[in-house]
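A.B. asks: Before I ask anything, here is the structure I am working with.
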Amino acid sequence: MITTEQIKELREETGLSIMQCQKALEEAGGDKTKAVAILKAKGAEIASKKVDRILGAGVVISYIHAGETVGVLVELLCETDFVAKNPEFKSVAKDIAMHIAAMKPENTAELLEQPFIKDPGKKISDIINNTVQKFGERTEVGHFVRLSI
1 MITTEQIKEL
11 REETGLSIMQ
21 CQKALEEAGG
31 DKTKAVAILK
41 AKGAEIASKK
51 VDRILGAGVV
61 ISYIHAGETV
71 GVLVELLCET
81 DFVAKNPEFK
91 SVAKDIAMHI
101 AAMKPENTAE
111 LLEQPFIKDP
121 GKKISDIINN
131 TVQKFGERTE
141 VGHFVRLSI
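Quick note: the sequence shown uses the UniProt record's numbering, first residue 1, plus one each step.
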C-alpha cells in the first residue's frame, strides 16, 4: 500500500504531479529509488516524443556570481509563452545559469552531460527531461555565454 507520505516525499524530490508520483510508486512496489528511475525513464521517453515540436518561446536569464567577476546569460527555450512565464520554468533557467557559472562548459553538449551542481546524482539533461515531463512541452537550452574576469 502506497502512503500519502511516500507520494509527498517523491513529489518534493521530483516536482512532478501527485498522480505521476503515485503511479511510479505503484509500479515500483513502493520503492522510492525505483520510482525515481521510472519517472526518469518516462521523462526521457516523453522528451523524445516532443523533439519535432517548434520552440517558439522561452526566457533569457542572467546570473552574476558574488564578487561580480563571473556572469552568464542562458537561453532556455520552450513551446509557449504560458510555460516561459511560469516561475518554476524561470527557476530552472536560473539554476542552469548558476551551474554554467560554476562548471564552465564549453558547449551545450558538454553542459547536458555534466552532473548538476545542486544535485550531482542528476545530469543537466535529467533536469531538462524533468522540465519536459512537468510542463508537457519540449524544452532545451538554446545559447549560453559565460564571461569572467
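No residue lacks a Cβ here, since even glycine has one placed at the ideal position from N, Cα and C.
Does the region 100 to 109 come into contact with the region 34 to 43, if we say contact requires no fewer than three beta-carbon pairs (one atom in each stretch) closer than 8 Å?
C.D. replies: no
A.B. asks: Are Arg138 and Lys50 close, meaning C-beta to C-beta below 8 Å?
C.D. replies: Here residue 138 corresponds to residue number 138 of the sequence shown, with the count starting at 1. Here residue 50 corresponds to residue number 50 of the sequence shown, with the count starting at 1. In this structure, Arg138 lies near Lys50, with their beta-carbon atoms less than 8 Å apart.
A.B. asks: From the DSSP secondary-structure annotation, give me the bridge partner or partners of Pro87.
C.D. replies: Here residue 87 refers to the residue found at position 87 of the sequence shown. Pro87 is not bridged to any residue.
A.B. asks: With respect to the beta strand (DSSP E) encompassing Glu140, which residues constitute its N-terminal and C-terminal limits?
C.D. replies: The sequence position of residue 140 within the sequence shown is 140, counting from 1. Glu140 to Ser148 is the extent of the beta strand (DSSP E) around Glu140.
A.B. asks: Report the option in Thr80, His65, Glu88 and Val92 whose CA atom is closest to the CA atom of Ala57.
C.D. replies: Numbered from 1 along the sequence shown, position 57 holds the residue referred to as residue 57. Nearest option by C-alpha distance: Thr80.
A.B. asks: Along the chain, which unbroken stretches of the alpha helix (DSSP H) at least 4 residues long are found entirely within the region 50 to 100?
C.D. replies: 81 to 84
A.B. asks: My output table needs one value for Lys104: the three-state DSSP class, helix, strand or coil.
C.D. replies: For the purposes of this step, residue 104 is taken as residue 104 along the sequence shown, with counting starting at 1. Lys104 falls in the coil class under three-state DSSP.
A.B. asks: Roughly how many whole angstroms lie between the Cα atoms of Glu26 and Leu77?
C.D. replies: As a working mapping, residue 26 is identified with position 26 in the sequence shown. As a working mapping, residue 77 is identified with position 77 in the sequence shown. So the alpha carbons of these two residues sit roughly 33 Å apart.
A.B. asks: Need the endpoints of the beta strand (DSSP E) that Lys123 sits in, please.
C.D. replies: Working through the sequence shown from its first residue, we reach residue 123 at position 123. Where Lys123 is concerned, the enclosing beta strand (DSSP E) stretches over Asp119 to Lys123.
A.B. asks: Please identify the residue among Val145, Ile127 and Ile149 whose C-alpha is closest to the C-alpha of Gly15.
C.D. replies: As a first step, residue 15 must be located in the sequence shown, where it is residue number 15. The residue with the shortest Cα to Cα distance from Gly15 is Ile127.
A.B. asks: Are the CB atoms of Ile2 and Gly30 within a distance shorter than 8 Å?
C.D. replies: As a first step, residue 30 must be located in the sequence shown, where it is residue number 30. As a first step, residue 2 must be located in the sequence shown, where it is residue number 2. Yes, the pair counts as a contact, with Cβ atoms nearer than the cut-off.
A.B. asks: DSSP has Phe116 in a bridge; who is on the other side?
C.D. replies: Here residue 116 corresponds to residue number 116 of the sequence shown, with the count starting at 1. Answer by DSSP bridge pairing, in chain order: Asp119.
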